[in-house]
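See structure below.
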Amino acid sequence: MESATPQKSGIAARRPWVIWLLGFFLLILALSVYIYSNLPKPAKRVHLIVYAFSTQEEVFTQGIFPAFEQKWNAANEWQVTLEGVFGPAETLAGQITLGAPADIAIFSNPQQVTWLKVSKLVSQDFIPVVIGSTPLVIVTRSGNPASLVGFADLSAANGLNLMHPDPNTSGAGEWALLAEYGSAYLASGDTAAAEAQLQGIWEQVRLLAPSARAALTLFELGAGDALITYEQDALLAAARGVPLEIVYPSRTVLVQPLAVLVEENITRREREAAQAFLDFLLSAEGQNILTRYYLRPVEGLAEGFEPLVQPFTVEDLGGWPRAYNQMVEVFWRETIEPGLDFLPAPILLDSGD
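Residue numbers (my numbering): 848 to 1200.
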């Protein structure tokens, strides 16, 4: 009896094809992994948004941002890009408290930082970084036709049409109030004399601008006879060829811009780069850039700047909370603002020729 020849089952008969297909797919997988591993990797990026008051636009966009990006990106795998948003300081602070995506803020006074702390966007123990200083000055027409010397000369006696940054929206507007009041108070020790000077100056204010930069722009266009603004912005305008004269009052307030991390908006990945940015502002390189754009340095002599005779700070007026409440919230808003009388802009433009 012949023995039966063993027959392969159907699955066994197809096994070579299964093996071949498996090998083919493994080859494709290996090839895909090889190709993917050799593709250029997308850059790891950190995007930081900096909100800063209006007069800082040139120094940050033209100087600080490119210098920091170059320095950071040369030393770190995670590449940083910076974006700036510029406007009136009070307005920016309000926008941030309402949810604007600022990672870093550059403010003109401590009140704006306080609002962020009250909104719990910045921790109570965070200490803002002072990045420089700039005194308030008087800007007038070339030749100083009214022979202005100090803030007292801006009062009604001289019949000037004054431009002024709005204290409701502008940090410069608030600082100007402190300069107008403080220069008289520190000279005399007399509250009544200081209030009288402030009142006399505001009797000559004919147009409010939303920011220091907006006020100076209107002045460039011919509006008004004089305005109070930051030395930094006045020097930037003079460097652009704007015809003007800068008057340095013997007593004037020294403004110290502040940098702050908006901690609630910063991710863990962004924190290192954001802190490095603040550190860069205080570094020798950062301070040199700020000085080139006419912000006086944090430390050392401000070479090339006009010497200040008797500068004062907000601490000489009892600190920011006290000065802000007394001069802005109480005296200006309750006594002066309700009686403001403005000329139409076309009349101001004609008067400033």
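For each residue, glycine too, the CB sits at the ideal point set by N, CA and C.
Thinking C-beta only, is residue j closer than 9 Å to residue i?
i, j, result
"F1124", "L895", "yes"
"S1030", "A1059", "no"
"V984", "Y1077", "yes"
"Q1173", "G1165", "yes"
"V1185", "V1100", "It is Pro, not Val, that sits at residue 1185 in the sequence shown. Not a contact, by the Cβ cut-off of 9 Å."
"W925", "A1120", "yes"
"F900", "A1019", "yes"
"S966", "T944", "yes"
Who are the Cβ neighbours of residue i in its own chain at under 7 Å, not counting the five residues just before and after it?
i, result
"P948", "I896, N1112"
"E1132", "A914"
"F1152", "R1143"
"W1179", "P1014, L1024"
"E1117", "V893, L895, D950"
"N991", "E1092, V1094"
"A1170", "L1025, V1161, L1164"
"T928", "R892, H894, E916"
Do residue i and the ligand HEM come close, with the Cβ less than 8 Å from some heavy atom?
i, result
"V1107", "The model on display carries no ligand, and the ligand HEM is accordingly not part of it."
Give me, in chain order, the residues of the same chain whose beta-carbon lies closer than 8 Å to that of residue i; leave out the 5 immediate sequence neighbours on both sides.
i, result
"G979", "Q1103, P1104, Q1134, L1137, T1138, L1142, R1143, P1144, V1145"
"A1004", "G1047"
Can you give me the Cβ contacts of residue i inside the same chain, cut-off strictly under 6 Å, excluding the 5 residues immediately before and after it?
i, result
"I1048", "L1001, S1002, E1027"
"K1062", "Per the sequence presented here, residue 1062 reads as Ala, with Lys not at that position. Excluding residues within five positions, the ones whose Cβ falls inside 6 Å are M1010, P1012, A1056, L1074."
"L939", "Y898"
"E1181", "none"
"F1066", "M1010, L1074"
Around the Cβ of residue i, are there at least 16 other Cβ atoms within 10 angstroms (buried) or fewer (exposed)?
i, result
"L1007", "buried"
"F912", "buried"
"I1017", "First, the amino acid is wrong: residue 1017 is Ser here, not Ile. Buried, by the Cβ-count rule."
"Q917", "exposed"
"S1035", "exposed"
"T987", "buried"
Quiz prompt | Cβ contact (3+ pairs, closer than 8 Å) linking the region 1041-1052 and the region 1099-1109 | solution = At 8 Å Cβ cutoff, the stretches do not touch.
Quiz item: Using 8 Å as the threshold, is the region 1080-1093 in touch with the region 922-942, meaning 3 or more CB pairs across them?
Solution: Counting Cβ pairs under 8 Å, fewer than three are found: no touch.
Exercise. Scan the region 1135-1175 and note each continuous beta strand (DSSP E) run of 3 residues or more that stays entirely inside, going in chain order.
Key: Segments of the beta strand (DSSP E) lying fully in the region 1135-1175: 1157-1159.
Quiz item: Which residue spans inside the region 1036-1103 form an unbroken alpha helix (DSSP H) run of at least 4?
Solution: You should have 1038-1049, 1059-1067, 1078-1086.
Practice problem: Output the residue ranges of the alpha helix (DSSP H) runs that lie fully inside the region 977-1014 and measure 4 residues or longer, sorted by chain position. | Solution: The qualifying runs do not exist here; there are none.
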